[in-house]
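Once you know that position 310 of the sequence shown is 428 in the numbering used here, the rest is easy, because the numbers rise by one and skip nothing.
Backbone N, C-alpha and C fix where the C-beta goes; we use that ideal spot for every residue, glycine too.
Because the structure is a prediction, the values reported are computed rather than measured.
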Amino acid sequence: MSDQPIHALTDRARDIFRVVVESYLGTGVPVGSRTISRLPGLNLSPASIRNVMQDLEEAGLLAAPHTSAGRMPTDTGLRLFVDAMMQAGEPADEDKRLIERELSGEGPIEEALNTATTLLSGLSACAGLVMVPRRETVVKQFGFAWLSDRQALAVLVGADGSVENRVVDLPPGTTPSMLIEAANYLSAYAGGRTLAEAQVWLAQQIADGETALDEAARDLIARGLAAWSRDPEDRPVLIVRGQANLIDEQAAGDLERVRQLLGDLEGKSEIARLLDSARAGAATKIFIGSENKLFSLSGSSVIAAPYRGPGGRVVGVVGVIGPTRLNYARVVPMVDFTAQTLTKLMQ
Numbered sequence: 119m120s121d122q123p124i125h126a127l128t129d130r131a132r133d134i135f136r137v138v139v140e141s142y143l144g145t146g147v148p149v150g151s152r153t154i155s156r157l158p159g160l161n162l163s164p165a166s167i168r169n170v171m172q173d174l175e176e177a178g179l180l181a182a183p184h185t186s187a188g189r190m191p192t193d194t195g196l197r198l199f200v201d202a203m204m205q206a207g208e209p210a211d212e213d214k215r216l217i218e219r220e221l222s223g224e225g226p227i228e229e230a231l232n233t234a235t236t237l238l239s240g241l242s243a244c245a246g247l248v249m250v251p252r253r254e255t256v257v258k259q260f261g262f263a264w265l266s267d268r269q270a271l272a273v274l275v276g277a278d279g280s281v282e283n284r285v286v287d288l289p290p291g292t293t294p295s296m297l298i299e300a301a302n303y304l305s306a307y308a309g310g311r312t313l314a315e316a317q318v319w320l321a322q323q324i325a326d327g328e329t330a331l332d333e334a335a336r337d338l339i340a341r342g343l344a345a346w347s348r349d350p351e352d353r354p355v356l357i358v359r360g361q362a363n364l365i366d367e368q369a370a371g372d373l374e375r376v377r378q379l380l381g382d383l384e385g386k387s388e389i390a391r392l393l394d395s396a397r398a399g400a401a402t403k404i405f406i407g408s409e410n411k412l413f414s415l416s417g418s419s420v421i422a423a424p425y426r427g428p429g430g431r432v433v434g435v436v437g438v439i440g441p442t443r444l445n446y447a448r449v450v451p452m453v454d455f456t457a458q459t460l461t462k463l464m465q
């Protein structure tokens, strides 16, 4: 890889580098010197162009795949192009009108988030992604199912009708009757509270001496609540739409890469953690290929932008994922505009 700055390239090298990158991003096909020599404006022979392309390859900015005479940008080259050469302006007027019309504010926000992923998928010909605001489960009912002397299954029924299970380790000496007592206590007194609120409430009850539960029962209840306490951080909610867009004509010749990418999307937690890193940014972030360990095999890029709720607090991230040969100049402002539109919708 190369850390060569754009100003270290000669004018000729910059011109040829730009032509190679823009042509590759448009076609997905490596670019040869003869093709470049036929373009107006350069007035260079194929031999001169080949020499410059060789220099760019040695600098780590271009690569020659397989035995092809053409060159394509490396991930390092794409990063240099995106950061130093690409001009990303406003989205096309037609794209803006479509995004604003579809995200008009009618209906629940969850519906708008689903619509946003579908929109971005269709407009970018990639897969659309959105990480939704984290919402803590409100407890409706709690239960324990005996598994063994050492473990039980904690069952949480949420106010929204969701049902989730967690295996919890039991304190020594726990009996089936103690599980029933703890479950009844939680259902009676924690119902209507979020998990975090239930934990604070229980701690306060114990501190004030206002609970008749013995130490073993209190320990069991604390373990049951703790089984879900990390979920809002450990299990981000990710919506993915348009995976079929990732299988195009170029992808047909590289099925292993596509299989790897689809596998990455199936394991949403890793993608969600990557998107979560974009929450801290004030602007759109671009993750290119092997820059991120997650995409070292699939050769994919992610463009992501945070969107905000009341008070300007970042509540989620929206974006797209596709091959590294994305049309960055078009997709980056499109993702940014979608994030801005969602932000307005949530105010």
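Discussion item. Can you give me the C-alpha to C-alpha distance between GLU175 and VAL137, rounded to a whole angstrom?
Written reply: 14 angstroms
Practice prompt. Kindly list the residues whose CB is nearer than 6 angstroms to the CB of ARG359, restricted to its own chain and excluding five residues on each side of it in sequence; keep chain order.
Written response: THR235, THR236, SER239, GLY246
Fill in: DSSP three-state assignment for GLU208, whether helix, strand or coil
coil
Practice prompt. Write down every uninterrupted run of the alpha helix (DSSP H) in the stretch 141-196 whose length is 4 residues or greater and which is fully enclosed by it, in chain order.
Written response: Listed in chain order, the alpha helix (DSSP H) elements of length 4 or more contained wholly in the stretch 141-196 are 151-155, 164-176.
Worksheet item: Would GLY188 count as contacting chain D if we go by Cβ distances under 7 angstroms?
Response: In summary, chain D is missing from the structure at hand, where a single protein chain is found.
Worksheet item: Whose C-beta lies closer than 8 angstroms to the C-beta of VAL281 among residues of the same chain, with five residues either side of it excluded?
Response: VAL273, LEU274, VAL275
Worksheet item: Helix, strand or coil for MET249 per DSSP?
Response: strand
Worksheet item: Among residues of its own chain, excluding the 5 on either side of PRO183, which ones have a beta-carbon nearer than 8 angstroms to its beta-carbon?
Response: PRO148, MET190
Practice prompt. Sort GLY417, VAL435, SER416, SER418 by Cα distance to TYR425 and report the nearest one.
Written response: VAL435
Worksheet item: Would DSSP call ILE365 helix, strand or coil?
Response: coil
Worksheet item: What's the C-alpha gap between GLY427 and GLU315?
Response: Answer to the nearest angstrom: the Cα atoms are 22 angstroms apart.
Worksheet item: Just the Cα atoms here: how many angstroms apart are ALA390 and GLY159?
Response: 45 angstroms
Practice prompt. Note down, in chain order, each residue of its chain lying with its Cβ closer than 8 angstroms to the Cβ of MET296, except the 5 sequence neighbours on either side.
Written response: Hits under 8 angstroms: ALA334, ALA335, LEU338.
Fill in: Spatially closest choice to SER395 from ALA422, GLN378, GLY417, ILE406, by CA coordinates
ALA422
Item to complete: Would you mind working out which of MET464, PHE455, LYS462 sits nearest GLU212, comparing C-alpha positions?
Response: PHE455
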